[in-house]
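Taking it in order: structure first as structure tokens, then the write-up.
In this note's numbering, the protein residues as written are 18 to 262.
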């Protein structure tokens with residue numbers, strides 16, 4: 018096979034590789050959402066309880082959050098996950114309760130609701146991108162099944178892997194926190210607040226931002242990698258016999 022033909026074949030399969038990765042990334046998000054991103058585990062591991070005990074009494078907008086139980090905090094996080102995955106219409110109505118189950122106040126003040134709504138909008142956009150990617154992947158699968166064409170994925174994967182390695186190097190060189198802040202500036206509307214001091218935000222306090230986000234990103238990437246490898250194995254099995262394009 019000539020070098021030119023190899024490159025053309027790789028370009029042909031590149032959308033399949035990218036869309037497969039996006040689809041698996043989305044499926045990983047959905048799977049982790051079902052278990053609320055293992056918040057109880059990270060709550061204990063990152064000592065979020067101590068973080069809440071320190072900063073909740075200092076909050077300038079909401080009071081007595083330190084009176085909530087661990088189970089109540091798990092429930093609140095689960096409610097946020099559900100809201101950002103379903104459009105965010107109920108974010109402003111989330112309430113926290115004391116140990117007796119009596120409502121204390123709504124969880125978030127207006128700026129926090131605005132930011133979480135921006136997150137919900139971003140996830141909605143991600144959903145549509147994932148639906149498109151799944152459609153593309155399905156179309157390729159139909160081609161594979163009908164024609165018995167062997168996917169030529171090595172060069173396409175090399176390009177994708179090189180891209181992610183470059184991103185990883187940049188994150189290490191610049192620093193995860195700097196990249197985290199830069200992404201927020203690029204993704205969210207400039208007129209909407211996204212940075213909150215712990216004293217101003219039960220959202221930041223209860224999630225110990227950005228520590229929890231780093232942990233979630235790590236488990237999201239790990240699950241995505243595992244599912245993607247499983248998907249590639251499945252694709253290989255789809256091809257009954259080798260043939261060439």
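The beta-carbon is built from N, C-alpha and C at its ideal position, and this holds for glycine as well. Owing to the predicted nature of the structure, the values given are computational and were not obtained by experimental measurement.
Beyond the five residues adjoining it in sequence on each side, residue 65 comes within less than 6 angstroms, by CB distance, of 225 in the same chain, given in chain order. By the criterion of at least three beta-carbon pairs nearer than 8 angstroms, the segment 28 to 48 is not in contact with the segment 203 to 211. In the structure shown, residue 112 falls within a strand segment according to DSSP collapsed to helix, strand and coil. Judged by their CB atoms, residue 123 and residue 109 are nearer to each other than the 8 angstroms cut-off.
Here the alpha carbons of residue 204 and residue 97 stand approximately 20 angstroms from one another. Residue nearest to residue 73 within the set 156, 195, 215, 107 is 215 (criterion: CA-CA distance). In the pairwise beta carbon analysis, the segment 234 to 247 is classified as not touching the segment 141 to 161: fewer than three pairs are separated by under 8 angstroms.
The three-state secondary structure of residue 227, taken from DSSP, is coil. Residue 248 and residue 159 have their C-alpha atoms spaced approximately 15 angstroms apart. In this structure, residue 218 places its C-beta atom within 8 angstroms of the C-beta atom of residue 129.
In this structure the segment 226 to 236 lies against the segment 46 to 60, because at least three pairs of beta carbons, one per stretch, are closer than 8 angstroms. Residue 120 and residue 188 have their alpha carbons spaced roughly 42 angstroms apart. Of the other Cβ atoms in all chains shown, fewer than 16 fall within 10 Å of the Cβ of residue 186; this residue is therefore exposed. Cβ contact annotation for residue 213 (same chain, cutoff 6 angstroms, sequence separation greater than five): 221, in chain order. Residues 121 of the same chain have their beta carbon placed closer than 6 angstroms to that of residue 81, with the five preceding and five following residues left out of the count. With 16 or more neighbouring CB atoms inside 10 Å of its own CB, residue 150 falls in the buried class.
Within its own chain, the residues whose Cβ lies closer than 8 angstroms to the Cβ of residue 106, once the five positions on either side in sequence are excluded, are 100, listed in chain order.
Beta-bridge analysis with DSSP links residue 62 to no other residue. Residue environment: residue 34 is assigned as buried (16 or more neighbouring CB atoms within 10 Å of its CB, all protein chains considered).
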